[in-house]
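Colleague:
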Amino acid sequence: MWSVRMRASKFENDSEKHISGAEGIYDLVNIERALKEFFKRALTHSKGQPDKIVFTVEKIYEPIKKIEVLPVKTIFCKSPEEAFNKVRENLLMLGISEKSISKAFEVIRNCKMRGASLIDINTTERLEKDKQRGVRVSRIQMDKKTRNRILRKIRRLSSNPQRVIEAITIASKVAYLNEIIAEICISDNPDYTTGYIASRNFGYLRITNIKNQGDERGGRVFFVKSPVDIEKVVSFLEKTPVLVI
Ligand code: COA
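Residue numbers (the numbering used here): 999 to 1243.
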């Protein structure tokens, strides 16, 4: 099997701005189709047209770990305030403190990271080594049957079901780790106002109107409980190939 990845960026104000990314795990005969799909995606993103597109096609030598998909539910909220209360309620039930929840929102609103932040729920400290980079979740794919089953469920609820599938794939890999208690994600796309929280305990909860339309702030936070082997966690998230079934 092969890991196929795409990232598209644009040089703007003296730096490379990330426009979009995509990835999956494929057998050799399906790589060409994936590349075509990713190329189209790179050129049609609402963040604009890229001036650089990088494709990586890499053979996977390790065994691919199978992980069960999280159950998916949608919580309909009318405003970011109502959404915040729902998030708070669910995270408090997992033993995550008010302080850690506030810290997560602060990080998501104020820090433009290239990946996710890891917050220690004991100290509210950020544990990732490089605070600008953060941690990424990579080498992932959702099984076709699982994907189709979830698509049937969410198609009428989401304007961008493919994006939801990708987020569920990421969240399922993240939630598999015992070290991670929960995740919160808010998109940095100004038009996409549905976020989510996820955990092994309550699954993947889509939260509508988690931010106002037009708000460009977004990000991902993983809640962990110290002591934790950060290197092991990051290596699993970034490098271990996973098929979500
Ligand atoms: N946001 C911003 N910049 C990104 C990025 C992202 N999601 N993904 C890659 N980049 C840029 C960074 O400059 C990065 O350098 P860095 O490692 O110092 O940050 C550079 O591209 C190379 O990144 P790399 O991860 O090696 O690229 P890749 O081609 O192997 O994979 C993706 C690209 C897009 C498939 C992958 O990074 C990704 O986004 N995975 C899934 C989702 C995810 O984890 N998103 C981030 C959490 S908020």
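Here a beta-carbon is modelled for each residue, glycine too, at the ideal position from N, C-alpha and C.
Here the structure is a predicted model, which means the values were calculated and not measured.
Our contact map puts Val1222 next to Glu1177 with C-beta atoms below 8 Å; I'd like the distance itself, whole angstroms only.
Modeller: About 5 Å separates the two Cβ atoms, so the contact holds.
Colleague: Are there three or more Cβ pairs, one per stretch, closer than 8 Å when the segment 1179-1199 is compared with the segment 1072-1092?
Modeller: Yes, the segment 1179-1199 is in contact with the segment 1072-1092.
Colleague: Can Ile1166 and Pro1159 be called in contact, C-beta distance under 8 Å?
Modeller: No, the pair does not count as a contact, with Cβ atoms beyond the cut-off.
Colleague: Assign Gln1139 to one of three DSSP states: helix, strand, or coil.
Modeller: Residue state, collapsed to three classes: strand.
Colleague: Relative to the C-alpha of His1043, which candidate in Phe1200, Ile1106, Ile1017 and Glu1087 has its C-alpha closest?
Modeller: Checked all of Phe1200, Ile1106, Ile1017 and Glu1087; the closest Cα to His1043 is Ile1017.
Colleague: Out of Asn1187, Lys1143 and Lys1110, point me to the one whose CA is closest to Asn1207's CA.
Modeller: With distances taken between Cα atoms, Asn1207 lies closest to Asn1187.
Colleague: According to DSSP, is Phe1037 helix, strand or coil?
Modeller: Phe1037 falls in the helix class under three-state DSSP.
Colleague: Could you check whether the Cβ of Ser1136 sits closer than 7 Å to any heavy atom belonging to the ligand COA?
Modeller: Yes; taking the cut-off as 7 Å, the Cβ of Ser1136 has a heavy atom of the ligand COA nearer than that.
Colleague: If distances are taken between C-alpha atoms only, which option among Arg1031, Val1242, Ser1233 and Arg1215 comes closest to Glu1104?
Modeller: Ranking Arg1031, Val1242, Ser1233 and Arg1215 by Cα distance to Glu1104 puts Arg1215 first.
Colleague: Cα separation between Val1067 and Glu1010?
Modeller: Cα to Cα, Val1067 sits roughly 38 Å from Glu1010.
Colleague: Which parts of the segment 1146-1219 are runs of the alpha helix (DSSP H), unbroken and 4 residues or longer, counting only runs that do not cross its ends?
Modeller: Complete alpha helix (DSSP H) runs here, min 4: 1159-1174.
Colleague: For Asp1049, I'd like the list of residues in its chain whose CB is within less than 7 Å of its CB, leaving aside the five on either flank, ordered along the chain.
Modeller: Within the same chain, Asp1049 has close Cβ partners Lys1008 and Phe1009.
Colleague: Taking C-beta to C-beta, are Val1055 and Trp1000 nearer than 8 Å?
Modeller: It is a contact, given that the beta carbons lie within the stated cut-off.
Colleague: What three-state label does DSSP hand Ser1095 in the structure shown?
Modeller: Coil at Ser1095, not helix or strand.
Colleague: Can you find a heavy atom of the ligand COA that lies under 7 Å from the Cβ of His1043?
Modeller: His1043 Cβ: outside cutoff for every heavy atom of the ligand COA.
Colleague: For a test of your reading of the model: does the CB of Arg1145 fall under 7 Å from any non-hydrogen atom of the ligand COA? Yes or no.
Modeller: Arg1145 Cβ: outside cutoff for every heavy atom of the ligand COA.
Colleague: Do the CB positions of Ile1099 and Arg1086 come within less than 8 Å of each other?
Modeller: For Ile1099 and Arg1086, yes; Cβs fall inside 8 Å.
Colleague: Nearer than 7 Å: is that true of the beta carbon of Gly1113 relative to any heavy atom of the ligand ADP?
Modeller: The model depicted lacks the ligand ADP and carries the ligand COA instead.
Colleague: Looking at the ligand COA, does it come within less than 7 Å of Glu1079, judged from the CB to the closest heavy atom?
Modeller: No, the ligand COA has no heavy atom inside 7 Å of this Cβ.
Colleague: Between the Cα of Ile1094 and those of Val1219, Leu1235 and Ala1040, spot the shortest distance and give me the residue it belongs to.
Modeller: Among Val1219, Leu1235 and Ala1040, the Cα nearest to that of Ile1094 belongs to Val1219.
Colleague: What is the residue span of the alpha helix (DSSP H) that Glu1236 lies within?
Modeller: Note, Glu1236: alpha helix (DSSP H), Ile1228 to Lys1237.
Colleague: For the putative contact between Val1242 and Lys1127, defined by C-beta atoms under 8 Å, what is the C-beta separation to the nearest angstrom?
Modeller: Actually they do not touch by this definition, with Cβ atoms about 27 Å apart.
Colleague: Run through DSSP, which three-state label would Ile1062 get?
Modeller: Note: Ile1062 maps to coil in three-state DSSP.
Colleague: Tell me whether Val1055 counts as near the ligand COA, meaning its Cβ is closer than 7 Å to at least one heavy atom of that ligand.
Modeller: It does not: the Cβ of Val1055 is nowhere closer than 7 Å to a heavy atom of the ligand COA.
Colleague: Look at the alpha carbon of Gly1113 and the alpha carbon of Arg1131, and state the distance between them as a whole number of angstroms.
Modeller: So the alpha carbons of these two residues sit roughly 6 Å apart.
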